[in-house]
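1101 is the number that this note's numbering gives the last residue of the sequence shown; the numbers go up by one with no jumps.
Virtual Cβ for every residue (Gly too), placed ideally from N, Cα, C.
Since the model is a prediction, treat every value here as computed from it, not as a measurement.
Heads up: the structure comes next, in structure tokens.
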Amino acid sequence: MKQIGIRGAVRGKVIKTTVPDTSAPCPRDKVNRVFRAPAPNLLWVSDFTYVSTWQGFVYGAFVIDTFADRIVGWRVSRSAKTDFVLDALEQALHDRRPVQKGGLIHHSDRGGQYLSIRYIERLAEAGIEPSVGSVGDSYDNALAETINGLYKTELVHRQGPWRNMQDLEMATLGRVDWFNNKRLLGPIGNIPPAEAELNFQVQRDMLDLVA
891 MKQIGIRGAV RGKVIKTTVP DTSAPCPRDK VNRVFRAPAP NLLWVSDFTY
941 VSTWQGFVYG AFVIDTFADR IVGWRVSRSA KTDFVLDALE QALHDRRPVQ
991 KGGLIHHSDR GGQYLSIRYI ERLAEAGIEP SVGSVGDSYD NALAETINGL
1041 YKTELVHRQG PWRNMQDLEM ATLGRVDWFN NKRLLGPIGN IPPAEAELNF
1091 QVQRDMLDLV A
């Protein structure tokens, strides 16, 4: 990188924004910090972060398929209420169309939005098993927090300051497309998430033909 005159983006200080809801019934942790699924649509992780704009704070939520760290759902909102994270989940469900009761697990932290009755009921309706990490422990949702960190480092901090939600929303749309289809990720072999999923599908199709 030094020889060709480029350098990596440096992350800023992480600020905790999730407010645990200790009063809500909590699903058990079905992930135990193992954030690499052997196939798509087996484990999704979700989280949201904040962005400061000239018109106030805006929030960005993401749903990530852990097979190749592909962002399968996202939403930008002025409000951090349950509707906001539900919208990101609905996008993921529409885009991926997971098999009903096909073994898909949805993992999150103990934020009140993810433990809300509406969110848990929507997971159940879609046949998805909920999973929640321990209280106040970022490692129990480490992959989602890593994706949030990359989002803020590679987009928010580098292209800000942001005037309003509309500007951030358009930039996030482009960033998600770039992340899924062009960004090289080391943990999956220095290829983009979409390419990793395509390779998996090709290999599975070949095995089906042989069988």
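- In this structure, Val-935 lies near Leu-1033, with their beta-carbon atoms less than 7 Å apart.
- In this structure Ala-978 touches Arg-965 by the C-beta definition: roughly 4 Å separates them, less than 8 Å.
- Below 8 Å, enough C-beta pairs join the segment 949 to 967 and the segment 1081 to 1088 to call them touching: three or more.
- When DSSP states are grouped into helix, strand and coil, Ile-1018 belongs to the coil group.
- Between Asn-931 and Leu-994, the CB-CB gap stays under 7 Å.
- In the DSSP annotation of this structure, Phe-952 is not part of any alpha helix (DSSP H); the continuous beta strand (DSSP E) holding it starts and ends at 946 to 955.
- In the structure shown, the three-state DSSP call for Arg-1012 is helix.
- Looking from the CA of Lys-920, the closest CA among Asp-1030, Gly-1017, Val-948 and Phe-974 belongs to Asp-1030.
- Here Trp-1068 is exposed. Its C-beta has fewer than 16 other C-beta atoms within 10 Å.
- Distance between Val-948 and Tyr-940, taken at the CA atoms: about 6 Å.
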